[in-house]
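Structure first, then comments.
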Amino acid sequence: MAKMTVRAERCKGCGLCANACPKKIIEINKEKRNKAGYFTAECIDESACVGCAMCAMMCPDCCITVEK
Amino acid sequence: MAVVFERPKALCDVPLHYCPGCTHGIVHRLVAEVIDEMGIEGDTVGICPVGCSVMAYNYFNCDMIEAPHGRAPAVATGVKRTNPDKFVFTYQGDGDLAAIGTAETVHAATRGENIVVIFINNTIYGMTGGQMAPTTIPGQVTQTTPYGRDPQLAGYPVRVSEMLATLTGTALAQRVAVDSVPHIREAKNAIRKAFENQRDKKGFSLVEVLSTCPTNWGLTPLKALERLREEMIPYYPLGVYKDITAEEGNK
Amino acid sequence: MEKNLMKGNEALAEAAMRAGCKCFFGYPITPQTELAAYMAKNMQKNGGVFLQAESEIAAINMVLGAASTGVRAMTSSSSPGISLKSEGISYIAGSDLPCVIINVERGGPGLGGIQPSQADYWQATKGLGHGDFHLLVFAPASVQEMVDMVVKAFNKADEYRMPAMILADGLLGQMMEPVSFPEIAVEMPDKSSWAADGHKNKRAHHIINSLYLTPEELEKTVVDRYAKYDIIKDKETDAELYLTDDADIVVCAFGATARVVKSAVNEAREQGIKVGMFRPKTLWPFPEKEVQKACANASKVLSVEMSMGQMIDDIKLALSCAKPVEFFGRTGGVIPTPAEVLEKIKAMGGNN
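Residue numbers (our numbering), protein chains in the order written: chain A, 1 to 68; chain B, 69 to 319; chain C, 320 to 671.
Now the structure itself:
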């Protein structure tokens with residue numbers, strides 16, 4: 001069991017995390033903007049997360065926490 | 069569940085001003101992680117450049133000094149010589165380090181100043197809006213090379229790691245990239261080695277990081293990573309250009 | 320007190336070390352060479368740092384780095400080298416860092432010459448770099464005064480957290496005179512509230528910086544600095560008034576030129592001419608009240624400088640142009656003689 005959490009107010013929606021995810025379970029939510037006006041990343045299938053932290057390694061805004 | 073990845077303590081908990089997808093943030097984090105792992109935040113002084121990372125003083129939790137454009141290695145020299153027990157690093161872009169600050173860079177290296185230099189090579193001036201950098205690749209379009217960099221007019225790029233590897237005072241000259249997770253791991257190891265070199269009084273350690281500038285390249289963050297891989301790495305091959313600790317190990 | 324015969328440049332270096340200067344960063348240039356050589360010989364022995372930089376630009380930025388950590392730092396140069404340092408000096412002023420910069424002036428502009436000059440007066444007092452700022456500028460006229468002023472410069476630079484300059488010239492730098500080094504009471508203020516020397520996990524991080532992207536914020540830092548300058552203008556001016564009480568003509572001169580002028584004044588007095596001398600020891604802040612006092616009873620004022628006339632502007636401003644201020648000077652490295660100055664005094668009607 002693992003979990004990635006995006007701190008949405010810091011996310012700029014660049015998509016580097018989604019691109020790095022081996023499980024392809026991160027998407028940029030085009031429905032929701034944060035206060036800065038960015039669409040932000042979110043995990044769409046928490047049950048599939050393996051906690052590899054590749055998303056967090058790629059995140060240039062350092063706004064992903066990974067638990068396992 | 070236990071936390072397996074979080075923001076390093078040496079990185080202040082504030083939003084970064086960088087553009088979406090700019091890899092400065094990744095490199096900031098790697099430096100901060102190394103500072104955390106070595107437990108040296110209270111004994112570290114960082115020097116920021118002029119350029120996109122000018123405000124890095126707001127991002128690193130250690131004491132920070134903002135240097136004039138290109139002069140960070142000289143400022144670092146002043147700090148380190150008078151405070152030899154402190155860890156001193158500079159964080160500089162390509163315009164700062166390889167154009168206006170070439171003399172400071174080369175001489176800090178040749179003196180073997182016991183400092184760490186983190187060098188961001190993204191082949192462009194970011195802060196001023198995308199002009200030709202000393203590292204701009206031939207053919208690359210920038211605001212000041214609108215028809216592509218023509219070496220007949222604008223000269224050739226500088227390969228900094230290769231150049232500094234020729235100097236006796238250089239302890240480490242390594243080029244890494246942050247376009248993928250394996251490369252990021254490699255980059256962190258290089259940064260760690262650079263700080264360990266300083267701890268062990270080995271001399272000048274440079275880590276050149278191939279980085280992206282999606283905004284001024286006119287590419288999406290993902291396309292920018294592709295350009296880094298396809299255009300930059302062939303021109304600026306990754307690798308260790310000099311490592312005196314490896315040479316010492318071979319003896 | 321024991322006196323040593325010393326060259327001005329060497330005395331500057333010795334005084335700096337005694338004042339607690341822990342590092343010297345410089346680049347060779349005539350006519351300040353002996354200063355760096357003396358530092359190279361002695362600084363390390365005294366537990367300090369001497370480093371020959373790759374350029375004047377690098378040297379001043381090494382000073383910036385060392386000063387940022389709270390260490391007493393110094394650099395020295397001569398006119399063309401000071402121009403190169405001006406970028407760093409502006410950053411040092413904008414970052415509120417103390418340091419001491421020595422200019423052993425030579426003739427200019429450009430590469431100029433290597434003989435004494437005072438043509439960097441404007442640069443030192445009005446524009447040593449971009450932006451609104453000042454340095455403390457001290458003008459010694461003897462080797463002993465060089466010693467005393469270096470100590471004062473370090474103390475005042477620390478007190479006000481700003482750069483200080485000793486504006487000397489090639490004549491003083493090369494001159495040998497007996498000097499004594501008084502037991503120096505080194506005032507070392509506590510810099511722990513701002514120095515960037517590692518927070519030891521005991522405080523928030525310190526940032527040494529001169530960048531403020533919000534205009535109002537930048538304006539406030541400059542206005543606050545100018546409030547400090549007002550205090551300095553009030554408290555820190557210094558000048559020598561020589562035979563000015565009854566003087567009809569007051570000759571103004573600073574540095575080595577004042578020695579020439581004093582000879583001329585003495586000769587004029589012997590000839591019955593009522594003349595005196597005003598010598599500013601601080602060029603910034605300029606001793607306005609002192610020059611007003613010196614010229615209170617004079618009908619005419621003369622400024623003698625080793626330049627085409629720069630300090631004369633400050634004299635006119637201080638006197639609100641209420642009295643005629645004439646000029647005599649030699650430039651390009653030519654030193655005016657007492658006879659020339661006396662002739663000028665007489666030409667101004669000084670033997671009436």
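Beta carbons: idealized from backbone N, C-alpha and C, even for Gly.
query: Rounded C-alpha distance that separates B:Ile94 from C:Leu530; result: 24 Å
query: 8 Å Cβ cutoff, C:Gly407 in contact with chain B; result: yes
query: Where the beta strand (DSSP E) through C:Cys342 begins and ends; result: 342–345
query: Counted within 10 angstroms of its Cβ, other Cβ atoms place C:Ala335 as buried (16 or more) or exposed; result: buried
query: Selection of the stretch 20–46 of chain A by Cβ proximity to chain B, strictly under 9 Å; result: Ala20, Ala36, Tyr38
query: Endpoints, the alpha helix (DSSP H) within which B:Ala241 is located; result: No alpha helix (DSSP H) contains B:Ala241, which is instead part of the beta strand (DSSP E) from 238–245.
query: As assigned by DSSP and simplified to three states, the class of C:Phe605; result: coil
query: Cβ contact check for the stretch 388–402 of chain C and the stretch 498–517 of chain C: 3 or more pairs under 8 Å; result: yes
query: Strand pairing of B:Ser273, partner residues [DSSP]; result: B:Val184, B:Leu240
query: Residues near B:Gln211 in its chain [Cβ-Cβ closer than 7 Å; skip 5 each side]; result: Gly197, Gly198, Gln199
query: Integer-rounded CB distance, given that B:Ser273 should sit under 8 Å from B:Ala262; result: 4 Å
query: Straight-line gap, B:His96 to B:Leu79 (C-alpha atoms, nearest Å); result: 8 Å
query: Counted within 10 angstroms of its Cβ, other Cβ atoms place B:Val143 as buried (16 or more) or exposed; result: buried
query: Short CB-CB distance (under 8 Å) between A:Cys17 and chain B; result: no
query: Cβ of A:Cys49 within 8 Å of any chain B Cβ; result: no
query: Extent of the continuous beta strand (DSSP E) run through B:Cys116; result: 112–116
query: C:Met596 classed as buried or exposed, judged by whether at least 16 other C-beta atoms fall within 10 angstroms; result: buried
query: Whole-angstrom C-beta distance between C:Thr650 and C:Ser436, which should lie under 8 Å; result: 7 Å
query: Between the CA atoms of C:Leu532 and C:Ala613 - distance to the nearest angstrom; result: 45 Å
query: Host beta strand (DSSP E) of B:Arg260 (start-end); result: Careful: B:Arg260 lies outside any beta strand (DSSP E), inside the alpha helix (DSSP H) at 249–267.
query: Residue closest to C:Ala489, alpha-carbon to alpha-carbon, out of C:Gly652, C:Leu621, C:Ala666; result: Residue identity differs from the one stated: residue 489 of chain C is Gly in this sequence, not Ala. Comparing Cα-Cα distances from C:Gly489 to each of C:Gly652, C:Leu621, C:Ala666, the minimum goes to C:Gly652.
query: Start and end residues, alpha helix (DSSP H) containing C:Asp543; result: 534–554
query: Where A:Val66 meets chain B, residues with beta-carbon distance less than 9 Å; result: Val71, Val72, Phe73, Glu74
query: Range of the contiguous alpha helix (DSSP H) that encloses B:Thr170; result: 170–178
query: Pick from A:Met4, A:Ala36, A:Arg10, A:Cys43 that is closest to A:Ile26, judged by C-alpha positions; result: A:Cys43
query: Limits of the beta strand (DSSP E) - the one that C:Ala356 falls within; result: Taken as a continuous stretch (DSSP letters only), C:Ala356 belongs to no beta strand (DSSP E), being part of the alpha helix (DSSP H) at 352–361.
query: For C:Asp477, the nearest candidate out of C:Gln629, C:Ser409, C:Pro417 (CA to CA); result: C:Pro417
query: Cutoff 8 Å: A:Ala8 Cβ touching any chain B Cβ; result: no
query: Test item: CB-CB of B:Gly138 and B:Ile168 under 8 Å; result: yes
query: Buried or exposed by the 16-neighbour rule on C-beta atoms within 10 Å, applied to C:Asn323; result: exposed
query: C:Val570 - containing beta strand (DSSP E), residue span; result: 568–571
query: N- and C-terminal bounds of the alpha helix (DSSP H) containing C:Arg578; result: 575–589
query: Coarse secondary structure for C:Arg425, derived from DSSP in three states; result: strand
query: Supposed close pair B:Ala314, B:Leu232 - CB separation, criterion 8 Å; result: B:Ala314 to B:Leu232, Cβ: 16 Å. No contact.
query: Distance, C:Ala338 Cα to C:Leu470 Cα; result: Before going on, a small fix: residue 470 of chain C reads as Val here, not Leu. Roughly 5 Å between the two C-alpha positions.
query: Outcome for B:His251 when other beta-carbon atoms lying within 10 angstroms are tallied against a minimum of 16; result: buried
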